[in-house]
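Numbering (my numbering), first residue to last: 260 to 528. Ideal Cβ placement from N, Cα and C applies to all residues, glycine included. As the structure is a computational prediction, the values presented were derived from the model and not from experiment. A quick write-up on the structure given underneath.
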Amino acid sequence: MPELTESGMIMLGEIITFGVGIGVCILVMLFLNRLFNKLYEKKPGIHLKFFKSLSNVIMVIVIIYYALSFLDVTKGISKVLLQSGTLIVAVATFAAQQALGNVVSGFSISISKPYTVDDKVKVTSGNAVLAEGVITDVTIRHTVIRTFDGNSAIVPNSVMDSSVIINTNFTENVGNYIEVEIGYNSDIDKAREILKRLCLEHPLTINTPDMNVLVNRFTANGLVLKTTVWAKELGDNFKACSDIRQSIIEEYAKNGITIPYNIVTVEHK
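Right under this line is the structure:
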């Protein structure tokens with residue numbers, strides 16, 4: 260085998276040093292990911308999700324800068340970047356205001372913790388509902404919400420930080436209105452009694468016997484009864500309200516209570 264020259268030995272040493280440096284950076288990244296995963300398994304929290312994402316971004320930047328400063332071809336570039344650090348930071352800050360805003364908002368959310376993974380939330384801005392569902396992930400840039408129809412809403416952290424967040428996990432019980440319209444010729448007391456009984460009998464509700472079924476308003480076709488269905492969780496509430504609405508139709512029909520609806524008559528001439 261031919262012997263390596265002095266320059267070849269130097270080059271080989273540099274390659275080994277470069278490989279070891281990159282390897283160390285990758286090992287540190289894997290260690291941090293493993294550490295955050297272990298901490299999350301013990302006590303889940305959005306701050307762990309956020310800082311895991313942040314650490315990955317920082318390590319990628321370190322690897323890129325290390326590569327630029329090590330190779331002869333790019334050593335000059337890294338030197339210029341280091342000497343012009345203040346200017347580059349200023350330019351980067353101006354050019355990436357929105358992205359940096361998401362990072363800052365991510366810090367704010369991680370500290371204040373208005374929600375965490377598996378929380379059921381509704382994100383609103385004014386009268387508009389931006390997203391509604393279950394929190395599945397929080398990264399350095401955005402929050403992922405799995406909506407109730409199975410899709411994923413990717414909401415920037417800056418939007419989450421500036422919006423109104425309704426978090427049903429912050430409350431012990433969840434309430435939802437049920438409204439039903441009955442005809443003017445129907446037995447109102449009987450209709451109220453049936454609606455109250457259905458709410459009390461459903462296994463997922465936590466309504467008490469002192470619950471109220473109120474006459475809410477008059478319409479062109481009849482009057483509207485309104486009550487609140489209470490359950491332990493949002494999913495239980497959805498299920499209970501669905502079952503109760505179906506039972507209302509069946510029970511009202513058995514007791515001669517009409518639910519008015521429009522009828523279209525088509526005449527052929």
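Burial check for Ile368: the Cβ neighbour count within 10 Å reaches 16 or more, so the residue is buried. Our two residues, Lys498 and Thr464, have alpha carbons roughly 10 angstroms apart in a direct line. Taking all protein chains shown into account, Ile503 has 16 or more neighbouring C-beta atoms within 10 Å of its C-beta and is therefore buried. Between the segment 285-295 and the segment 311-329 there are three or more inter-stretch CB-CB distances shorter than 8 angstroms, so the stretches are counted as touching. Counting along the chain, the unbroken alpha helix (DSSP H) around Gly494 starts and ends at Leu493 to Lys513.
Straight across, the Cα-Cα distance linking Asn296 with Gly304 is about 11 angstroms.
By the neighbour-count definition (other C-beta atoms within 10 Å, threshold 16), Ala390 is a buried residue. Per DSSP, the continuous alpha helix (DSSP H) segment holding Ser417 begins and ends at Asn416 to Ser421. In the structure shown, Phe290 adopts helical secondary structure according to DSSP, grouped into three states.
The count of Cβ pairs closer than 8 angstroms, one atom from the segment 481-488 and one from the segment 456-470, reaches three, so the stretches are in contact. When the alpha-carbon of Ser411 is set against those of Val397, Asp420 and Ser422, the nearest one is in Val397. DSSP, read as helix, strand or coil, puts Leu463 in coil. Out of Glu492, Ile399 and Ala450, the CA that lies nearest to the CA of Leu482 is found in Ala450. The beta carbon of Val423 lies closer than 6 angstroms to those of Thr383 in the same chain, with the five residues before and after it left out.
DSSP, read as helix, strand or coil, puts Ala479 in coil.
In this structure, Thr517 and Ser445 form a Cβ contact; the two beta carbons are roughly 5 angstroms apart against a cut-off of 8 angstroms. Sequence-distant partners of Gly494 (beyond 5 residues in either direction) whose C-beta falls short of 6 angstroms from its own C-beta are missing from its chain.
Per DSSP, reduced to three states, the secondary structure at Thr276 is helical. Counted as a single uninterrupted DSSP element, the beta strand (DSSP E) harbouring Ile404 occupies residues His401 to Thr406. For the 7 angstroms CB-CB criterion, Asn426 and Arg400 do not form a contact. For Asn435, the enclosing beta strand (DSSP E) starts and ends at Val433 to Gly442.
Here the alpha carbons of Ser314 and Arg456 stand approximately 56 angstroms from one another.
Under the DSSP assignment, Asp378 falls outside any beta strand (DSSP E); it carries neither an H nor an E label. According to DSSP, Ile425 shares a beta bridge with Lys381.
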